[in-house]
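Trainee:
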Amino acid sequence: MLIPDIASVDTKPYDMRYLIDGEVRTWSGAHIDVLSPIEDEHGKRTVLGRAPKLSKEEALSALAAAKRAWSNGRGEWPTMRVQDRIRCVERFTKGMLAVREDIVRLLMLEIGKSRKDSESEVDRTMVYIKDTIEALKELDRASGRFVMQDGFIGQTRRSPLGVALCMGPFNYPLNETFTTLIPALIMGNAIVSKLPKYGTLLHAPMFQAMAESFPKGVINIVQGDGATVVGPMMESGDVDVLAFIGSSRVANILKKQHPRPNRLRCILGLEAKNPAFVLEDADLDVAIPECVSGALSFNGQRCTGLKLIFVHETRAREFAERFAAAVSKLKAGAPWEPGVQITPLPEEGKSPWLQGYIDDAVQKGAKLIAGGKAQGTLFIPGVLTGVTSAMRIFHEEQFGPLVPIASYTDERELDAFMQASPYGQQVAIFGKSPAAIARLVDALANQVSRINLNTQCRRGPDTFPFTGRKDSAEATLSVHDALRAFSIRTVVATSASDANKAIVSDIVTTRRSAFLSTDYVF
Ligand code: G3H
């Protein structure tokens, strides 16, 4: 596949760029080739451009810039009035909109996301920013009032936490980076963001707008090898908040590197093994398209994706045949092709990794009834039936286009699967009987964080809480919850004597304080 004009991007202006202390810099040291899963005429991954492989010293200078912007909470940004912070974010959003097409194309080229899904990732992120602004205004209005309780007067507002290190994943490199970065920023924290390994260049078109929209050092963007760049920042103890979407293995390493763990707040989105439960009376006209899309949207590379399908034994054969037929109809091709559903995989070594799951399962008695073949960087989706707990794919997150189907006899097996799982993000139940659904809801409500009825697992709408139990998450992200996660409540309290009332009244009416104030934004 050669990259056509309708998808190509001139990456020269983005070559080796990063952002520190309000300055878009060009790195002259080591670099990382940014490889596309789109293969060139020699069958090799196309080199899209170069990203800086920053040194430890440069990473620490980004952290120092953020620390200066924070200035122990006395910096311009953390003390700025809410309406002025909102203005900065709105200014940035205009700059982001101006480079929308380059971001969309780089999403297609860097991670192989279809044009439709790439556009939706950018547009959904813009809506998320707009909704975050509205949620902040609402929070600010609610915080403006004084409470009288037990002889005390108190006013409670949410204050920023300090320096936040935000790291998004490769599958939603824009959206999932911004769903932590934007709420952290707008609450008044100073940010260092380390970009993911795949999905880095697409951030560079926004650097200038970031530099122009915020005070110096408020946003810093670094890239490079995680151990070199992130390790020293964590070890410095100067990171107050870690927002990380990725594996629990890496999250645990990062947390342990911090010398004062009690001072570190963590907002983590980690692995999941979300199952679908197709009950005896399920409407397969609903369950099959939902399971196909749930398991294979963006080639199964979604943390919310369905990673294991349990079908009642009486429907297992019919389900598998119809499911495999539907999967075989998915159009595979380049991300810019209209109607494409299966696209090249960005991670090197992904096809052999998926093949390993197939080999293990087939060797232990499963059947590969569709696909499961690599064609260069494309992987034609595989469907495995007869999957059992003896197989690796029953337990591990495959994060790719391979769908394992297991059959069950008794509902208690479904509950037992969730109990034994180290993960607890979501489940999807397909069925008609209110009694059976109610029983499962009650069995699962304390094991996962979202139960989807006759619909696939997903994160949206973004006002819904997005979190998980066990090794799947720490803290909750929704438009509203994220503002709370990146802030702490601070209360100003006094006994309600006439003298104290007069002091508070003077401060408020003469607007002496930005914090102790009844001003709010509409
Ligand atoms: O990879 C995890 C994403 O947050 C999933 O979001 O359910 O909207 O695809 P989604």
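Take 3 as the starting number for the sequence shown in my numbering and just add one per residue.
For glycine and all other residues, C-beta sits at the position ideal for the given N, C-alpha and C.
Kindly list the residues whose CB is nearer than 7 Å to the CB of E43, restricted to its own chain and excluding five residues on each side of it in sequence; keep chain order.
Mentor: Correct list, in chain order: L4.
Trainee: Please indicate yes or no: does the CB of N173 lie closer than 6 Å to some heavy atom of the ligand G3H?
Mentor: Within the cutoff, so yes.
Trainee: Thinking V450 and G426 are a contact (beta carbons under 8 Å), I'd like their distance in whole angstroms, please.
Mentor: With a Cβ gap of about 5 Å, V450 and G426 count as contacting.
Trainee: Please give me, in chain order, every unbroken run of the alpha helix (DSSP H) with length at least 4 that falls completely inside the region 293-354.
Mentor: Listed in chain order, they are 318-330.
Trainee: Using only alpha-carbon positions, find the residue among M420, R19, V494 and K118 that is nearest to G341.
Mentor: The candidate whose alpha carbon is nearest that of G341 is K118.
Trainee: Locate the alpha helix (DSSP H) running through I439, then write down its first and last residues.
Mentor: Here the alpha helix (DSSP H) through I439 covers P436 to L446.
Trainee: Any contact of the region 234-254 with the region 97-104, i.e. 3+ C-beta pairs under 8 Å?
Mentor: No: fewer than three Cβ pairs fall under 8 Å.
Trainee: Say the cut is 6 Å; is the CB of G170 nearer than that to a heavy atom of the ligand G3H?
Mentor: It does not: the Cβ of G170 is nowhere closer than 6 Å to a heavy atom of the ligand G3H.
Trainee: Can you check DSSP and say which residues form a bridge with I221?
Mentor: Per DSSP, I193.
Trainee: How many whole angstroms separate the CB atoms of F1 and V364, which I take to be in contact at a CB cut-off of 8 Å?
Mentor: This structure gives no information on residue 1, because the portion of the chain shown stretches from 3 to 524.
Trainee: E59 lies in the alpha helix (DSSP H); which residues open and close that run?
Mentor: Residues K58 to W72.
Trainee: Below 8 Å on the Cβ atoms is my contact criterion, and I expect F321 with V294 to pass it. Report the Cβ-Cβ distance as a whole number of Å.
Mentor: That belief does not hold up - the Cβ atoms of F321 and V294 are roughly 11 Å apart, past 8 Å.
Trainee: Measure the C-alpha to C-alpha separation of A447 and K275 and round it to an integer number of angstroms.
Mentor: Distance between the alpha carbons of A447 and K275 is about 16 Å.
Trainee: Who are the Cβ neighbours of V481 in its own chain at under 6 Å, not counting the five residues just before and after it?
Mentor: So the qualifying residues of the chain are D133, T134, A137, D464 and T465.
Trainee: Please name the residue, chosen from P261, R143, L386 and L21, that lies closest to V523 on a Cα-to-Cα basis.
Mentor: Ranking the options by Cα distance to V523, first place goes to R143.
Trainee: When you measure from the CB of R452 to every non-hydrogen atom of the ligand G3H, does any distance come out below 6 Å?
Mentor: Result no, Cβ not under 6 Å from the ligand G3H.
Trainee: Whose CA, out of R262, L167, Y200 and K55, lies closest to the CA of L176?
Mentor: Of the listed residues, the one whose Cα sits closest to L176 is Y200.
Trainee: What residues are listed by DSSP as bridge partners for Y410?
Mentor: Per DSSP, H314.
Trainee: Evaluate contact between the region 265-275 and the region 471-478, counting only Cβ atoms and requiring at least three cross-stretch pairs below 8 Å.
Mentor: With the cut-off at 8 Å, the region 265-275 and the region 471-478 touch.
Trainee: Taking C-alpha atoms, which residue in C168, F209, G45 and E140 lies nearest to K96?
Mentor: Taking only the C-alpha atoms, the option nearest K96 is F209.
Trainee: Taking 8 Å as the limit between beta carbons, can you name the residues of its chain near K139, skipping five residues before and five after?
Mentor: Only V84, I88, Y522, V523 and F524 meet the Cβ criterion.
Trainee: Determine the burial state of S435: buried for a count of at least 16 other Cβ atoms within 10 Å of its Cβ, exposed for fewer.
Mentor: Result: exposed.
Trainee: Quick one, which of K375, A372 and I407 has its alpha-carbon nearest V389's?
Mentor: When only C-alpha atoms are compared, the closest one is I407.
Trainee: Going by other Cβ atoms of all chains shown within 10 Å of its Cβ, with 16 needed for buried, is P263 buried or exposed?
Mentor: Flag for P263 reads exposed.
Trainee: Under 7 Å, do D473 and P424 count as touching if we go by C-beta distance?
Mentor: The answer is yes: Cβ separation under 7 Å.
Trainee: Quick one: grab the DSSP three-state call for Y359.
Mentor: It is helical.
Trainee: Tell me the rounded alpha-carbon separation between R27 and L256.
Mentor: Their backbone Cα atoms lie some 27 Å apart in a straight line.
Trainee: Counting along the chain, where does the alpha helix (DSSP H) carrying M110 start and finish?
Mentor: Start and end: R102 to I113.
Trainee: Just grab the DSSP bridge partners of A372 for me.
Mentor: In the DSSP output, where bridge partners are listed per residue, A372 has V385.
Trainee: Within the same chain, show all residues whose beta-carbon is closer than 6 Å to that of A376, passing over the 5 residues directly before and after it, in chain order.
Mentor: Cβ neighbours of A376 beyond the five flanking positions: S353.
Trainee: When the Cα atoms are used, what is the spatial distance from I193 to A498?
Mentor: One C-alpha to the other measures close to 39 Å.
Trainee: Which residues bound the beta strand (DSSP E) around L141?
Mentor: Per DSSP, L141 belongs to no beta strand (DSSP E); it is in the alpha helix (DSSP H), R117 to S145.
Trainee: Report, in whole angstroms, the separation of the C-beta atoms of V11 and D104, which I expect to be a contact under 8 Å.
Mentor: Their Cβ separation, rounded to whole angstroms, is 5 Å, which keeps V11 and D104 in contact under 8 Å.
Trainee: In or out: D483 buried (at least 16 other Cβ within 10 Å) or exposed?
Mentor: D483 comes out buried.
Trainee: Rounded C-beta distance between G156 and T520? I'm assuming under 8 Å.
Mentor: The Cβ separation is near 14 Å, so there is no contact.
Trainee: When DSSP labels each residue in this structure, what does G156 get in the three-state scheme?
Mentor: G156 falls in the strand class under three-state DSSP.
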